[in-house]
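Q:
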Ligand code: FES
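Residue numbers (our numbering): 425 to 506.
1. Terminal residues of the continuous beta strand (DSSP E) containing residue 442?
2. Taking the straight line between their C-alpha atoms, what separation do you get for residue 463 and residue 429?
3. Go ahead and label residue 469 buried or exposed: buried means 16 or more other beta carbons lie within 10 angstroms of its beta carbon, across all protein chains shown.
4. Of the choices 432, 437, 445, 501, whose alpha-carbon is the least far from that of residue 472?
5. Any heavy atom of the ligand FES closer than 8 angstroms to the beta-carbon of residue 471?
6. In whole angstroms, give me the CA-to-CA distance for residue 436 and residue 449.
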């Protein structure tokens, strides 16, 4: 099935969305109604860390990449209760 380069993203709490390769993670999250916490927006503080298919990345300086899987599973890397 053709999907026009869209990558399916599974967000925490069962939310789903789509993004295109090269799109920033913050933009992809916003489109899906997900608020990723941010701080410095320059890749230094770690407030925006998310887990993408088990790998921790800093969302403010990372883009969605096609990884050969059909779906990308995202978890928040930081404990929201600290
Ligand atoms: S907001 Fe500080 S590392 Fe992303």
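Beta carbons are placed, not taken as given, at the ideal position from N, Cα and C, and that holds for glycine.
Please read all numbers here as calculations on a predicted model, not as lab measurements.
A: Put simply:
1. 440-444
2. 30 angstroms
3. exposed
4. 501
5. yes
6. 14 angstroms
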